[in-house]
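Here is the structure we will look at.
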């Protein structure tokens, strides 16, 4: 410790001023930089979390709408296609309705219907 005091006493005023200005200017700069970094990091994390929640909400809405639309379509087919439709030999009418559905909904690759008695009708317009 004594050596440090002796070293400081031996320095010229010019060196003492340079060191003191360096310390006075560097320490606040480091503090400001650290605080700014922490603030930016916190804000970034909050923004990312908020955007992720927003994207999840949008995705949830889109998925719910798509499932609801398909549920309505399935209910429609369940109402118009009964066991009598198969028994009366109207299988070609059923295939036509299924083909129309596929043409109206380009996201659908294929559609099929099965009955309790084992009757199975499938319509697929896209080739694999």
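Residue numbers (the numbering used here): 284 to 411. Where is the CB? At the ideal position from N, CA and C, for every residue including glycine. Since this is a predicted model, take the numbers as computed values, not measurements.
Task: Opposing strand residues paired with residue 397 [DSSP bridges] - done: 403
TODO: Assess, as a yes-or-no matter, whether the stretch 334-348 is touched by the stretch 356-376 under the definition of 3 or more beta carbon pairs within less than 8 Å.
DONE: no
Open item on the list: Rounding to the nearest angstrom, what Cα-Cα distance links residue 400 and residue 374 in this structure?
Closed with: 15 Å
Task: Three-state secondary structure assigned by DSSP to residue 308 - done: helix
Open item on the list: Assuming contact is defined by CB atoms lying nearer than 7 Å, are residue 404 and residue 396 in contact in what I supplied?
Closed with: yes
TODO: Measure the CB-CB distance between residue 391 and residue 385 and report whether it falls below 7 Å.
DONE: yes
TODO: Can you tell me the Cβ-Cβ gap for residue 270 and residue 381, rounded? I've got them flagged as a contact below 8 Å.
DONE: Nothing about residue 270 can be read from this structure; the chain reaches only from 284 to 411.
- [ ] Please report how far the alpha carbon of residue 303 lies from the alpha carbon of residue 328, in whole angstroms.
- [x] 38 Å
Open item on the list: Looking at the secondary structure, which residues open and close the alpha helix (DSSP H) in which residue 383 lies?
Closed with: 374-387
Open item on the list: What would DSSP say about residue 322, mapped onto helix, strand or coil?
Closed with: helix
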